[in-house]
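As given, the protein sequences belong to chains E and A, one line each in that order.
In this text, residue positions in the first sequence follow the working numbering: the first is 1, and each later residue adds one.
In this text, residue positions in the second sequence follow the working numbering: the first is 1, and each later residue adds one.
Glycine included, C-beta positions come from ideal geometry on N, C-alpha and C.
It should be emphasised that the depicted structure is a prediction, and the values quoted were computed from it without experimental measurement.
Here the structure comes first, spelled out in structure tokens, and everything after it is commentary.
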Amino acid sequence: MSTTPRVGSAVPGAPTHLGTARAHTPELTAAFDAMYAALLGRGTVTMDVKEAMRLRNAHVTGCGL
Amino acid sequence: MAVPAERDAALALLPGLAEAHRHLHAAVWDGPVPAPVLERCRLRMAQLLGARRALDERSAAAVAAGFDDDNSAVARWPADPRLDDGARACLAFAELFVIDPHAIDDSQAAAVAAAYGEAGLVTLTTALGIWENQHRFDNALALLAGSSEEA
């Protein structure tokens with residue numbers, strides 16, 4: 001797996017990371033973040049269970065972030 | 001409590017989540033990647049994941065842009081002479097995204113960016129992520145198709 005970002009920073013002067021790469025699509029990123037917040041912040045599943053699921057998913061899919 | 005059989009009804013159990021879901025799926029189609037290209041990628045992903053509900057849907061943006069392929073035509077994309085380099089780069093990227101995202105290499109990502117810019121590459125990757133979620137959501141809950149607007 002490549003460790004070099006395949007997308008440049010959309011923020012002048014800032015290094016490439018997840019946030020500055022996603023800044024290429026600000027409206028889509030805002031919509032994604034709103035969805036993410038809705039998933040994490042609401043519902044009857046407790047936050048510790050959600051975090052455990054998120055980490056387990058990251059482990060299974062090999063996501064280093 | 002039983003989960004409703006239809007996607008929109010299931011999402012409606014959580015109104016805030018449903019609205020965020022609708023807005024996110026709509027936002028994908030406003031980016032730099034042409035809607036017919038995105039639609040082919042969405043359908044190809046659905047084929048690979050066995051997401052039958054999604055295969056019955058068509059996005060309004062793609063239909064408005066003239067997309068009218070049937071699903072078998074989507075599956076035969078490597079032999080489709082109508083597709084340009086950009087569409088082919090996106091479809092190849094989409095297939096690997098499903099099969100093994102770690103196998104995507106720099107040249108494949110660069111091919112998408114060469115056609116549609118870095119914003120296009122971010123748009124495609126985000127779209128694939130949210131469609132994969134929807135396909136698996138439908139499959140896991142055995143849901144019927146929702147509205148085409150959310151496809």
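Rounded separation between A/Asn71 and A/Trp77 - CA only | 10 Å
Straight-line gap, E/Gly13 to A/Leu124 (C-alpha atoms, nearest Å) = 25 Å
Taking just the CA atoms, how far does A/Ala20 sit from A/Val37?
-> 24 Å
Can you give me the Cβ contacts of A/Trp131 inside the same chain, cut-off strictly under 7 Å, excluding the 5 residues immediately before and after it?
-> Arg42, Met45
Using the C-alpha atoms, what's the distance from E/Pro5 back to E/Val11?
-> 14 Å
Identify, in the order they occur along the chain, each residue of the same chain with its Cβ nearer than 7 Å to the Cβ of E/Lys50, setting aside the five sequence neighbours on each side.
-> Leu40
Near A/Cys90, which residues of its chain fall below 7 Å by C-beta distance, leaving aside the five closest residues on each side in sequence?
-> Val33, Val37, Cys41, Val112, Leu124
So, does the CB of A/Leu17 fall closer than 7 Å to a CB anywhere in chain E?
-> yes
Comparing the C-beta of E/Leu28 with each C-beta of chain A, is any distance below 7 Å?
-> yes
Skipping 5 residues on each side, what residues in its chain have a beta carbon closer than 7 Å to that of E/Arg56?
-> none
Output yes if chain A places a C-beta closer than 7 Å to the C-beta of E/Val60; else output no.
-> no
How many angstroms separate the CA atom of A/Asp84 from the CA atom of A/Ala127?
-> 20 Å
Does any CB atom of chain A fall closer than 7 Å to the CB of E/Thr46?
-> no
So is E/Gly13 in contact with chain A if we call contact Cβ pairs under 7 Å?
-> no
Contact belief for A/Ala51 with A/Ala35 at Cβ below 8 Å, rounded distance in angstroms | With 8 Å as the limit, A/Ala51 and A/Ala35 do not qualify as a contact, their Cβ atoms being about 19 Å apart.
Output the residue ranges of the alpha helix (DSSP H) runs that lie fully inside the segment 19 to 94 of chain A and measure 4 residues or longer, sorted by chain position.
-> 35 to 49, 52 to 55, 60 to 64, 71 to 75
Considering only residues of the same chain and omitting the five flanking positions on each side of A/Ala115, which have a CB-CB separation below 7 Å?
-> Asp85, Gly86, Ala89
Alpha carbon of E/Thr29 to alpha carbon of E/Ala23, nearest angstrom = 7 Å
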